[in-house]
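Engineer:
Chains as they are written, first to last, in my numbering: chain A, 41 to 194; chain B, 76 to 402; chain C, 3 to 671.
If you want it as structure tokens, here you go:
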């Protein structure tokens with residue numbers, strides 16, 4: 041009996057909009073799947089691609105980056121930097137075989153608890169369909185996979 | 076009094092680091108004068124069993140050049156670690172994987188298929204390497220390819236790191252001088268784990284070009300816009316220059332002759348992922364807010380993985396493409 | 003880091019973990035005892051020495067638990083797993099500080115809003131809570147004992163907007179003895195309230211209650227009145243703002259003008275007054291918006307002035323007894339330094355022409371609310387006579403339509419709060435002045451404040467006819483003889499359960515309130531946020547309606563959403579109280595979340611230089627490095643994330659803290 045794959049997703053929220061949206065979803069008791077674990081940042085502009093890579097290399101199957109809608113950033117226009125970094129990061133990760141669907145950017149204002157919950161629900165299903173990422177932990181001397189068998193074709 | 080022992084070994088590499096050592100010109104004589112060179116495949120004959128016979132920690136200084144790609148590389152890494160007091164990861168291959176590390180974008184099968192079975196190789200019997208072969212004379216073994224290339228520090232404990240592809244000869248000379256001073260009791264070794272033979276900042280610190288705030292509206296391949304203005308920052312002229320994220324120490328060699336920095340000195344101090352720094356800094360200064368416009372500008376970097384991880388892939392957080400390990 | 007060495011802080015070695023039940027709010031879904039026990043065992047290697055669960059951590063007993071443990075176990079790090087940091091981070095940090103540990107060594111992670119309130123699977127919720135707690139513990143290991151930065155407060159205040167809310171705020175602060183700059187972009191203060199006739203529910207004459215306040219504000223020694231002026235730009239931070247004001251040219255020398263109004267009398271050119279008279283009346287080209295304008299100095303409307311357009315006339319200059327007309331006057335730009343800002347910029351009226359089926363702008367006798375106010379006003383273009391568009395006919399039947407542009411997904415979703423009362427007021431005034439038959443067409447009757455419902459009852463008793471239904475159409479296409487020459491209101495009378503066509507002489511639309519058309523630019527200028535429909539956003543809709551998320555910038559009145567006059571006045575006073583609170587403290591403590599450049603690592607690449615909207619980043623040319631002004635830095639962390647050399651670090655949200663938190667979150671499968 042195969043168990044349904046439950047993705048683990050790390051979500052980055054901004055203190056003023058999307059984190060408050062998550063809080064609002066809570067206050068309104070909107071239900072969504074438990075697969076996303078949130079990290080609170082002051083602003084989506086704090087989003088460093090290093091964080092996304094750390095999450096993916098560390099066992100996450102996907103990453104959600106959230107922030108205020110363009111034009112509504114509490115720090116004026118820092119979410120545009122997050123947008124540009126996200127687009128370039130996604131291209132770079134594709135070159136490493138990581139499907140673009142695994143890293144998603146979602147805008148949510150402080151009033152959009154329902155919207156954020158819906159986006160989380162959608163993302164969980166999208167990542168479930170992509171399957172586990174299972175990035176190897178190559179720690180020093182450990183091997184993740186046994187060596188590929190080399191075949192003689194003579 | 077016997078001179079302290081010195082070794083230099085090459086693993087998965089190109090040989091350029093050895094040339095760089097030779098490029099120290101007369102300094103090489105100081106090496107000979109101050110050290111007893113016990114193992115240096117490029118310069119003298121020696122066998123692995125000679126190294127195995129040495130006492131543990133009997134070699135004072137070993138410069139290790141090259142990445143760990145095969146079982147042989149791995150074996151020697153452990154061996155030389157045992158036999159050496161100070162093990163230095165010398166050059167980009169050893170510190171961060173360098174160009175051989177780009178093989179981490181492919182699986183071993185794909186590498187062999189390209190090397191042994193594509194048109195440019197004459198291989199009528201379709202042979203490719205295998206670790207064990209039963210010959211009529213008996214069992215023959217050759218060291219197997221590991222699934223990915225690793226840096227020296229990912230395999231053994233490393234004392235110092237000397238970045239660069241290759242490390243600049245003047246830096247090598249400076250390190251040789253330092254070690255000689257230490258041996259003579261006139262200087263202290265830096266704290267273990269330090270990066271030596273390099274600067275404390277990034278290439279821009281040594282670059283003489285004039286810099287201003289950045290507003291990137293397009294990225295170009297250098298041949299599309301050459302010749303560059305020799306006075307102005309290369310990145311501001313739309314050519315992706317990795318200088319801002321690359322450790323200083325080379326005197327901004329490439330920008331000073333009209334070429335963009337490609338990042339061979341690796342990341343600055345304390346940086347966890349070199350490519351991430353380039354992604355974030357380039358993207359932050361793109362002068363566009365609409366996704367379509369941003370994507371159009373990003374099309375100017377057709378191979379971001381190559382642009383940002385040319386030298387550093389094996390030491391990055393992700394280290395390899397899924398192609399290398401996913402079944 | 004410049005010359006000083008930064009001694010690395012010792013990592014916490016003794017961490018206390020507290021998992022809150024929050025009654026059954028958390029404990030009902032999350033096995034809190036299990037989470038605490040798990041933390042004590044599985045996170046011991048990270049330094050957890052005590053792990054407790056408790057019913058209500060935010061209670062005084064809960065806080066005392068933390069204080070006692072800090073003292074008894076020598077804790078140097080605290081992690082609480084409970085509700086949102088937006089609620090109680092300060093509570094637990096205060097408790098931590100009381101026990102002698104730096105408050106920034108305390109983390110609050112949410113397992114309520116983010117777990118127990120949103121998930122139903124108890125097993126998954128418990129596992130997720132462990133992961134979140136683990137994230138907090140891993141993070142606290144990299145927390146630093148930060149110190150708040152104290153900056154002095156400039157006691158001057160800038161109030162933007164001279165409507166009733168702005169006037170109230172200005173007077174409160176001025177009466178307390180502190181200086182206020184009151185900036186208003188029209189030639190006179192007074193705002194929309196100066197245009198109304200009577201105010202509900204008391205039917206006070208609007209001008210009568212407003213003008214004394216206007217005069218007080220205009221003559222107060224502590225208020226610098228800057229009308230016909232706008233704020234060009236603002237920089238700085240709470241306690242230390244710098245604003246550039248543009249005082250537009252009036253072409254009247256204020257030092258010489260006595261307000262005699264001879265220039266207005268002699269001006270030969272009349273144009274339609276679109277603003278104050280809502281297009282129903284005229285004004286001269288040199289004008290004051292209304293008779294009781296404060297200040298009394300007129301303004302020359304350059305676009306329509308014969309002298310500025312053709313070089314002739316100059317009648318005003320000729321007749322001015324004090325030579326106060328100055329055609330060469332220029333806009334004045336100057337800077338002011340203030341400590342706090344109150345934005346009371348008011349609202350715009352919804353443009354009723356958008357609701358094409360109501361015929362405003364097409365059918366002559368459809369009026370909007372402002373036009374009606376001007377008709378009804380004794381000082382208005384018809385001297386207070388409620389007449390049709392021909393200027394003479396008194397209507398015999400009048401229909402008043404509620405919710406024009408409000409409560410309507412095609413236009414604005416929200417309720418404009420005041421239109422029901424306003425419509426009832428109109429009904430009363432029409433009946434009083436004309437004896438006409440009055441119909442009100444409403445969806446709901448919203449008369450929820452003091453004396454409002456009593457006013458509704460009064461209007462009912464006066465015989466106003468109420469029809470509950472949203473009007474489908476106002477048309478002049480008659481179908482029956484008795485409809486000829488009238489406006490027909492087509493409506494579903496939901497109580498009667500049938501469609502009705504009601505012929506009337508005059509239709510009054512209660513069009514709703516909208517944010518100012520330039521609200522988004524204003525918000526950006528002052529560094530505050532707007533909602534998607536452009537109202538200014540308050541810090542907390544229930545508990546903090548006059549603050550914004552930007553320290554030092556307050557909002558009051560309709561700029562944050564539709565409201566009536568008493569609420570606007572209350573908000574003006576509340577904003578003033580906030581400002582006075584800050585001024586009296588003499589200094590403000592800035593949260594220590596900010597960025598610093600390590601000048602040795604900085605290569606001077608200048609990539610960060612244009613990333614800061616607060617101008618905190620500057621390039622030091624002679625050292626060829628970048629430096630960040632800690633007082634201007636708002637702590638967003640964008641430059642920290644952008645630096646290619648990793649030379650910028652951010653306290654409170656450092657790389658080490660965040661990366662550790664990610665590790666911790668992924669520790670639990």
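The beta carbon of each residue, even a glycine, is placed where N, CA and C say it ideally should be.
Let's test the definition: count the other Cβ atoms within 10 Å of the Cβ of residue 189 of chain A and tell me whether it reaches 16, buried, or not, exposed.
Structural biologist: Taking the first residue of the first chain as 1, we reach residue 189 of chain A at position 149. Unreliable positioning characterises residue 189 of chain A in this predicted model, as indicated by a pLDDT of 35, which lies under 50. A coordinate reading is not provided.
Engineer: Would residue 364 of chain C be called buried (16 or more neighbouring beta carbons within 10 Å of its own) or exposed?
Structural biologist: By 1-based counting over the third chain, the position of residue 364 of chain C is 362. Result: exposed.
Engineer: Counting C-beta neighbours from all protein chains within 10 Å, is the total for residue 584 of chain C 16 or more, i.e. buried, or is it exposed?
Structural biologist: On the third chain, position 582 is the one that residue 584 of chain C refers to. So residue 584 of chain C ends up on the buried side.
Engineer: Examine the Cβ distances between the segment 229-240 of chain B and the segment 256-272 of chain B and report whether three or more of them are shorter than 8 Å.
Structural biologist: Contact holds: three or more Cβ-Cβ distances are below 8 Å.
Engineer: Are the Cβ atoms of residue 189 of chain C and residue 230 of chain C separated by less than 8 Å?
Structural biologist: By one-based count along the third chain, residue 189 of chain C stands at place 187. By one-based count along the third chain, residue 230 of chain C stands at place 228. The answer is yes: Cβ separation under 8 Å.
Engineer: Taking the runs of the beta strand (DSSP E) that are 3 residues or longer, which of them lie wholly in the segment 281-353 of chain B?
Structural biologist: As far as the segment 281-353 of chain B is concerned, it has no whole beta strand (DSSP E) run of at least 3 residues.
Engineer: In three-state DSSP terms, what is residue 216 of chain C?
Structural biologist: What you label residue 216 of chain C is simply residue 214 of the third chain in a count that begins at 1. Residue 216 of chain C: helix per DSSP, three-state reduction.
Engineer: Please tell me whether residue 178 of chain A has its Cβ less than 8 Å away from any Cβ of chain B.
Structural biologist: Position 138 of the first chain, counted from the first residue, corresponds to residue 178 of chain A. Yes, residue 178 of chain A lies at the interface with chain B (some Cβ there is under 8 Å from its Cβ).
Engineer: Just the Cα atoms here: how many angstroms apart are residue 344 of chain B and residue 125 of chain A?
Structural biologist: For this step, residue 344 of chain B is matched to residue 269 along the second chain. For this step, residue 125 of chain A is matched to residue 85 along the first chain. Residue 344 of chain B and residue 125 of chain A: Cα-Cα distance of roughly 22 Å.
Engineer: If contacts are defined as beta-carbon pairs under 8 Å, then residue 28 of chain C and residue 155 of chain C qualify, I think. What distance do you get, rounded to the angstrom?
Structural biologist: The sequence position of residue 28 of chain C within the third chain is 26, counting from 1. The sequence position of residue 155 of chain C within the third chain is 153, counting from 1. Rounded, the Cβ-Cβ distance is 40 Å, inconsistent with contact.
Engineer: If you measure between the beta carbons of residue 130 of chain C and residue 117 of chain C, is that distance less than 8 Å?
Structural biologist: Within the third chain, numbered from 1, the residue matching residue 130 of chain C stands at position 128. Within the third chain, numbered from 1, the residue matching residue 117 of chain C stands at position 115. Yes, these two residues count as a Cβ contact at 8 Å.
Engineer: Give a yes or no on contact between the segment 249-259 of chain B and the segment 169-188 of chain B, applying the rule of three or more CB pairs nearer than 8 Å.
Structural biologist: With a cut-off of 8 Å, the segment 169-188 of chain B and the segment 249-259 of chain B do not count as touching, because too few Cβ pairs lie within range.
Engineer: Compare the beta carbon distance of residue 368 of chain C and residue 511 of chain C with 8 Å and say whether it is the shorter of the two.
Structural biologist: Looking up residue 368 of chain C in the third chain gives position 366. Looking up residue 511 of chain C in the third chain gives position 509. The answer is yes: Cβ separation under 8 Å.
Engineer: Counting only beta-carbon separations shorter than 8 Å, does residue 595 of chain C have a partner in chain A?
Structural biologist: Against the third chain, residue 595 of chain C aligns to sequence position 593. Interface residue, yes.
Engineer: Flag this pair as yes or no: are the beta carbons of residue 68 of chain A and residue 152 of chain A separated by less than 8 Å?
Structural biologist: As a first step, residue 68 of chain A must be located in the first chain, where it is residue number 28. As a first step, residue 152 of chain A must be located in the first chain, where it is residue number 112. Taking 8 Å as the Cβ cut-off, residue 68 of chain A and residue 152 of chain A do not qualify as a contacting pair.
Engineer: Going along the segment 314-341 of chain B in order, which residues come within less than 8 Å of chain C, judged by CB to CB distance?
Structural biologist: Listed in sequence order: 318, 319, 320, 323.
Engineer: Would you mind sorting residue 285 of chain B into buried or exposed? The rule is 16 or more other CB atoms within 10 Å of its CB.
Structural biologist: For this step, residue 285 of chain B is matched to residue 210 along the second chain. Under this definition residue 285 of chain B is an exposed residue.
Engineer: Taking 8 Å as the cut-off, decide whether the C-beta atoms of residue 74 of chain A and residue 33 of chain C are in contact.
Structural biologist: Here residue 74 of chain A is taken as the residue at index 34 of the first chain, counted from 1. Here residue 33 of chain C is taken as the residue at index 31 of the third chain, counted from 1. Contact: no.
Engineer: Going along the chain, which residues of the segment 77-109 of chain A sit with their C-beta nearer than 9 Å to a C-beta in chain B?
Structural biologist: From the segment 77-109 of chain A, only 85, 87, 88, 89, 90, 91, 92, 93, 94, 96, 97, 98 have a Cβ closer than 9 Å to chain B.
Engineer: Just list the beta strand (DSSP E) runs in the segment 252-315 of chain C, keeping only unbroken ones of 3 residues or longer that don't cross its boundaries, in chain order.
Structural biologist: With a minimum length of 3 residues, the continuous beta strand (DSSP E) runs that stay inside the segment 252-315 of chain C are 272-275, 283-286.
Engineer: With a 10 Å radius around its C-beta and 16 neighbouring C-beta atoms as the bar for buried, classify residue 130 of chain A as buried or exposed.
Structural biologist: As a first step, residue 130 of chain A is located in the first chain; it is residue number 90 there, counting from the start. Result: buried.
Engineer: Of all the residues that make up the segment 373-400 of chain B, which are near chain A by a beta-carbon distance shorter than 9 Å?
Structural biologist: Correct list: 373, 376, 378, 379, 380, 381, 382, 383, 384, 388, 391, 392, 393, 394, 395, 396, 397, 398, 399, 400.
Engineer: Less than 8 Å between the beta carbons of residue 346 of chain C and residue 574 of chain C, yes or no?
Structural biologist: Here residue 346 of chain C is taken as the residue at index 344 of the third chain, counted from 1. Here residue 574 of chain C is taken as the residue at index 572 of the third chain, counted from 1. The answer is yes: Cβ separation under 8 Å.
Engineer: Do residue 151 of chain C and residue 634 of chain C have their beta-carbon atoms positioned less than 8 Å apart in this structure?
Structural biologist: Counting from one through the third chain, the residue named residue 634 of chain C turns up at place 632. Counting from one through the third chain, the residue named residue 151 of chain C turns up at place 149. Going by C-beta atoms, residue 634 of chain C is not nearer than 8 Å to residue 151 of chain C.
Engineer: By DSSP, does residue 674 of chain C sit in helix, in strand, or in coil?
Structural biologist: Nothing in the structure corresponds to residue 674 of chain C, since chain C is present only between 3 and 671.
Engineer: Run down chain A in chain order and give the residues with a C-beta less than 8 Å from the C-beta of residue 359 of chain B.
Structural biologist: Mapped onto the second chain, residue 359 of chain B falls at position 284. By Cβ distance, chain A contributes 121, 124, 125.
Engineer: How would you write the range of the alpha helix (DSSP H) that residue 180 of chain B sits in, first residue to last?
Structural biologist: Sequence index remark: in the second chain, residue 180 of chain B carries index 105 (1-based). Unbroken run through residue 180 of chain B: none, as it is neither H nor E.
Engineer: In terms of residues, what are the limits of the beta strand (DSSP E) holding residue 622 of chain C?
Structural biologist: Against the third chain, residue 622 of chain C aligns to sequence position 620. Segment 619-622, the beta strand (DSSP E) holding residue 622 of chain C.
Engineer: Pick from B:134, B:314, B:331, B:278: whose alpha carbon is nearest that of residue 323 of chain B?
Structural biologist: Reading the second chain from its first residue, position 248 is the one you call residue 323 of chain B. Closest option to residue 323 of chain B, Cα to Cα, is B:278.
Engineer: Can you tell me where the beta strand (DSSP E) with residue 82 of chain B in it begins and where it stops?
Structural biologist: Position 7 of the second chain holds residue 82 of chain B. Taken as a continuous stretch (DSSP letters only), the beta strand (DSSP E) holding residue 82 of chain B covers 80-85.
Engineer: For residue 135 of chain A, go through chain B and note every residue whose CB falls closer than 8 Å to its CB, in chain order.
Structural biologist: Along the first chain, read from residue 1 onward, the residue named residue 135 of chain A stands at position 95. Under the 8 Å cutoff, chain B gives 180, 378, 379, 380, 381, 396.
Engineer: Taking only three categories from DSSP, how would you classify residue 398 of chain C?
Structural biologist: Within the third chain, numbered from 1, the residue matching residue 398 of chain C stands at position 396. If DSSP states are grouped into helix, strand and coil, residue 398 of chain C belongs with coil.
Engineer: If the criterion is Cβ atoms closer than 8 Å, does the pair residue 351 of chain B and residue 110 of chain A meet it?
Structural biologist: Position 276 of the second chain, counting from 1, holds the residue named residue 351 of chain B. Position 70 of the first chain, counting from 1, holds the residue named residue 110 of chain A. No, they are not a contact pair.
Engineer: Distance, Cα to Cα, residue 162 of chain C vs residue 436 of chain C?
Structural biologist: As a working mapping, residue 162 of chain C is identified with position 160 in the third chain. As a working mapping, residue 436 of chain C is identified with position 434 in the third chain. Approximately 40 Å between the Cα atoms of the pair.
Engineer: Around the Cβ of residue 545 of chain C, are there at least 16 other Cβ atoms within 10 angstroms (buried) or fewer (exposed)?
Structural biologist: Residue 545 of chain C sits at position 543 when you count from the first residue of the third chain. By the 10 Å Cβ count, residue 545 of chain C comes out exposed.
Engineer: In three-state DSSP terms, what is residue 60 of chain C?
Structural biologist: Locating residue 60 of chain C in the third chain gives position 58, where the first residue counts as 1. Coil.
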